[in-house]
Structure formats: structure tokens, C-alpha cells
Amino acid sequence: MKRGDEMFKEGLVLFAGRDFAGAAGFFTDALRESPENANYYYYRGVCFQETGAAVEAISDYTNALIRQPSACPVRYNRAELYLQTGDLVKAEEDFEEILRSAEPKDHHWPALAYLGRGLIRLEEGEVEQAVIDLSAAEDLAKMDGDRLLLARIGDELERSGF
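Structure below.
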């Protein structure tokens, strides 16, 4: 087994225990050994995101996407950070890429992308387009049987005054 894999596994143990700062250190060590591994960037990005280091998380998600462009979880996390940091253009680009690249049978990621894009459209005052996107998110979440996502959509609608 390569040393990078060993460091990654040690990081996963800390990650599972929600020691994100400790896990990030192991993922950094793993990246020194295997700088082309998209998963190492992804997990370290999650650690950075969980500890409030948005710039570092976006950088790691971008590095992961360079290596694995169709990874919807990575792209979604980056889109959420762009949304949180106010970069609506980049967030919308990521949400739209998810809509283009998600597997046809996978309703989860497109539902989240429609939700995110709908929130952007609400922010921009495009109410009709927002309603279309939020309705699409709700329909996909229902098809997927995702009650948590349906609840989140309801919360977002309520927070937005609908």
C-alpha cells in the first residue's frame, strides 16, 4: 500500500470523528504523495468547508474537479460555497453544469442544483424563473423520495416569503 493511501485512511478516521482540522493534516500529507488524487482534494475541501475556510475549500474542490470534472458532490459543494460567499455567477455555472452532467437516473444532484439555481434567481428578483426551478427541485426530490430535501425546499420557500 502506498504511503498516500495510508495517510488518507488515517485522515478518514479523524474525518468520521468530525476532527476536521486533524483530518485535513492527513489529507495534506496524502496529497504530497499523490497530488493527482481527486478524492484527497475533495475530502480536504470538506474539512476546510467545515472549519470555515471557504477560500481553501473552493481551491481544493476546483483541484478535484480538474481531475474529475463530472463529480457532482464536489461541484455541488463548490457551488454552495460560491453561493454563501456571494459569487452568484460562479454558483450558477456550477449548478448548471450539474444539470448537464448528472446521470439521468440520479434525481438527487439535479434537485439540489435546481434548488440552488432557484435561490439565485430569487436573489436576483427573477421570481417566475425561481418558481420554475424550485418546482423542478421539488418534483425531483419527490421522485427520489428524499424527505430531507423536500423539507429543505419548504424551508427555503418559507424563508423567501412563499
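Residues 931 to 1092 in my numbering are what the sequence shown lists, from first letter to last. Here a beta-carbon is modelled for each residue, glycine too, at the ideal position from N, C-alpha and C. Just so we're clear, the structure is a prediction, and the values are computed from it rather than from any experiment.
Any heavy atom of the ligand COA closer than 6 angstroms to the beta-carbon of G975? What this structure holds is no ligand at all, so the ligand COA is not there to describe.
List the endpoints of the continuous alpha helix (DSSP H) containing T958. Numbered from 1 along the sequence shown, position 28 holds the residue referred to as residue 958. It spans F950 to E963 - the alpha helix (DSSP H) in which T958 sits, taken as one unbroken run.
With a 10 Å radius around its C-beta and 16 neighbouring C-beta atoms as the bar for buried, classify L904 as buried or exposed. Outside the displayed span of the chain (931 to 1092) sits residue 904, for which this structure offers no information.
If we ignore side chains and look at the alpha-carbon of each, how far apart do Y1044 and G1084 end up? By 1-based counting over the sequence shown, the position of residue 1044 is 114. By 1-based counting over the sequence shown, the position of residue 1084 is 154. If I take the Cα positions, the gap works out to 14 angstroms.
When the distance is taken between beta carbons, is R997 closer than 7 angstroms to A968? Here the question's residue 968 lines up with position 38 in the sequence shown. Here the question's residue 997 lines up with position 67 in the sequence shown. A Cβ-Cβ contact shorter than 7 angstroms links A968 with R997.
What residue range does the alpha helix (DSSP H) around A946 cover? Residue numbering aside, residue 946 sits at position 16 when the sequence shown is read from its first letter. Boundaries of the alpha helix (DSSP H) harbouring A946: R933 to A946, taken from the DSSP string.
Under the three-state DSSP convention, the category E986 falls into: Within the sequence shown, the letter at position 56 stands for residue 986. Three-state DSSP puts E986 in a helix.
With DSSP as the reference, label N993 as helix, strand or coil. Along the sequence shown, one-based indexing puts residue 993 at 63. N993: helix per DSSP, three-state reduction.
For L1013 and A994, what's the separation of their Cα atoms in angstroms? Translated into positions along the sequence shown, residue 1013 becomes position 83. Translated into positions along the sequence shown, residue 994 becomes position 64. Distance between the alpha carbons of L1013 and A994: 19 angstroms.
Go through its chain and collect everything with a Cβ distance to F957's Cβ below 6 angstroms, but skip five positions before and after it. The residue labelled residue 957 in the question sits at position 27 within the sequence shown. Here the set comprises G941, Y970, Y973 and R974.
Whole-angstrom C-beta distance between E963 and G934, which should lie under 8 angstroms: Sequence index remark: in the sequence shown, residue 934 carries index 4 (1-based). Sequence index remark: in the sequence shown, residue 963 carries index 33 (1-based). Contact holds; Cβ gap of about 3 angstroms.
Report all residues from its chain with a CB closer than 7 angstroms to the CB of T1015; omit the five preceding and five following residues, and keep chain order. The residue labelled residue 1015 in the question sits at position 85 within the sequence shown. So the list reads A984, once near-sequence residues are dropped.
Quick check for students: name the residue ranges of the alpha helix (DSSP H) that lie wholly in the region 1002-1073, counting only runs of 4 or more. Entirely contained in the region 1002-1073, the alpha helix (DSSP H) runs reaching 4 residues are, in chain order, 1002-1014, 1018-1031 and 1038-1053.
Taking the C-alpha atoms as reference points, what is the distance between L1070 and D1063? Position 140 of the sequence shown, counting from 1, holds the residue named residue 1070. Position 133 of the sequence shown, counting from 1, holds the residue named residue 1063. Their Cα atoms are separated by approximately 11 angstroms.
Give the range of the alpha helix (DSSP H) segment to which D1085 is assigned. In the sequence shown, counting from the first residue as 1, residue 1085 sits at position 155. Note, D1085: alpha helix (DSSP H), R1077 to R1089.
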